[in-house]
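Okay, structure first, notes after.
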Amino acid sequence: MSQMNEGTTKDMNKIEETADNLGTEKKEAILQNFDTFTDYLSQKVHVGKKLGLSEEQLTAATKKVASYLAKNEEPRNREEKVLHELWKVSSEEEKEVLSHLILKLVA
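Counting from 1, one number per residue, gives the positions in the sequence shown under UniProt numbering.
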């Protein structure tokens with residue numbers, strides 16, 4: 001396995017572990033309402049910026065979270081449904097752009 005793939009696998013495992021540690025009720029509360037979801041992401045982006053993460057690092061993290069959600073969670077509202085459908089039909093390059101736009105939306 002290449003170093004890049006190994007890093008991606010570790011990052012996805014960490015995202016899955018974090019999602020699992022949220023607990024069902026908290027995760028449901030975050031994902032049920034789009035405003036709550038974007039507020040939660042905004043808080044995490046703010047923490048990342050305080051830690052000195054670059055725009056590219058934040059976009060990469062956003063892409064990993066979006067990939068996790070697309071794979072493991074069903075959309076719970078219309079906005080999430082649109083994002084889910086866009087993610088499914090996007091190329092890797094388009095997912096990068098979409099991740100950047102999501103980051104821009106919540107930052």
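Virtual Cβ for every residue (Gly too), placed ideally from N, Cα, C.
Top-ranked residue by Cα proximity to residue i, from the options
i, options, result
"Lys81", "Glu28, Phe34, Gly23 and Val47", "Phe34"
"Pro75", "Thr24, Leu22, Gln32 and Leu101", "Gln32"
Extent of the continuous alpha helix (DSSP H) run through residue i
i, result
"residue 112", "Here the chain comprises residues numbered 1 to 107, so residue 112 is not present and cannot be evaluated."
"Ser42", "Phe34 to Lys50"
"Ser67", "Glu55 to Asn72"
"Arg76", "Taken as a continuous stretch (DSSP letters only), Arg76 belongs to no alpha helix (DSSP H), as it is neither H nor E."
Euclidean distance between Cα positions of residue i and residue j
i, j, result
"Ser91", "Lys49", "27 Å"
"Glu55", "Lys27", "26 Å"
"Trp72", "Ala66", "A quick correction: the sequence has Asn, not Trp, at residue 72. Taking the straight line from one Cα to the other gives about 10 Å."
"Ile36", "Leu98", "First, the residue type needs correcting, since residue 36 is Thr and not Ile in the sequence shown. Each residue's Cα considered, the two are about 20 Å apart."
"Lys95", "His84", "11 Å"
"Thr59", "Glu93", "12 Å"
"Leu103", "Lys44", "10 Å"
"Ile30", "Lys64", "17 Å"
Exposure label - residue i; buried when at least 16 CB within 10 Å
i, result
"Lys14", "exposed"
"Val47", "exposed"
"Thr24", "exposed"
"Thr18", "exposed"
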